[in-house]
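Here's the structure we're looking at; comments come further down.
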């Protein structure tokens, strides 16, 4: 019998001073059995960084046709495609052909090797942005995970803070490729 996803809920309050976006989101997050708390919370962080009323979680794990997050217009055209982790170069190039903008938030062990192997091939698409998240930050994000979360995210001057009232994680992302968000 196949294992089912675990459901997490998060009330996410976003104060994004860079985009003048101030909104609360009630998120339902399905965590695949093979997904870690760290990866799930990186998806939540990516949601906060690109939040809109039309941004949605995809069924990325186990599917090549959907990203971790995406934003579609009313016609179904993909405006934004977001992957987290170390996706295959072929998958990223295919996403660049399907979406207006593509973001990859790379993190974890093997990031430097993945970047060394993929950087040349990923330099071609003009709609791709690659951002590296430091391991200390993503591991700390993983410790914020809970079945029912109350999260606050503040984005200002290139800095991101995500917290749950007891702990706050500062994320200083490193821009590696492409247009800035």
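Numbering (the numbering used here), first residue to last: 544 to 724. By construction, the Cβ of each residue, glycine as well, lies at the ideal position given by its N, Cα and C atoms.
Buried or exposed: residue i, going by 16 or more other Cβ atoms within 10 Å of its Cβ?
i, result
"residue 715", "exposed"
"residue 656", "exposed"
"residue 650", "buried"
"residue 566", "exposed"
"residue 626", "buried"
"residue 686", "exposed"
"residue 552", "exposed"
"residue 620", "exposed"
"residue 593", "buried"
"residue 557", "buried"
"residue 612", "buried"
"residue 663", "exposed"
"residue 577", "exposed"
"residue 721", "buried"
"residue 678", "exposed"
"residue 602", "exposed"
"residue 544", "Low per-residue confidence applies at residue 544: pLDDT is 49, beneath 50, and the placement is therefore not dependable, though the value from the model is reported in the following sentence. Result: exposed."
"residue 666", "exposed"
Excluding the five sequence neighbours on either side, which residues of its own chain have a C-beta within less than 8 angstroms of the C-beta of residue i, listed in chain order?
i, result
"residue 682", "581"
"residue 689", "551 and 707"
"residue 547", "576"
"residue 700", "560 and 561"
What residues are listed by DSSP as bridge partners for residue i?
i, result
"residue 692", "553"
"residue 699", "702"
"residue 613", "599 and 624"
"residue 558", "565 and 697"
"residue 647", "626 and 673"
"residue 571", "552"
Kindly list the residues whose CB is nearer than 6 angstroms to the CB of residue i, restricted to its own chain and excluding five residues on each side of it in sequence; keep chain order.
i, result
"residue 704", "697, 711 and 713"
"residue 616", "622"
"residue 642", "621 and 624"
"residue 568", "555"
"residue 632", "661 and 664"
Would you mind giving the Cβ-Cβ distance between residue i and residue j, rounded to the nearest angstrom? I have them listed as a contact below 8 angstroms.
i, j, result
"residue 597", "residue 608", "Not confirmed; about 18 angstroms, so no contact."
"residue 676", "residue 648", "6 angstroms"
What residues in its chain sit with their C-beta under 7 angstroms from that of residue i, if we drop five residues either side in the sequence?
i, result
"residue 718", "674"
"residue 639", "645, 668, 670 and 671"
"residue 684", "581, 584, 585, 588, 705 and 712"
"residue 571", "550 and 552"
"residue 563", "none"
"residue 695", "556 and 706"
"residue 579", "685"
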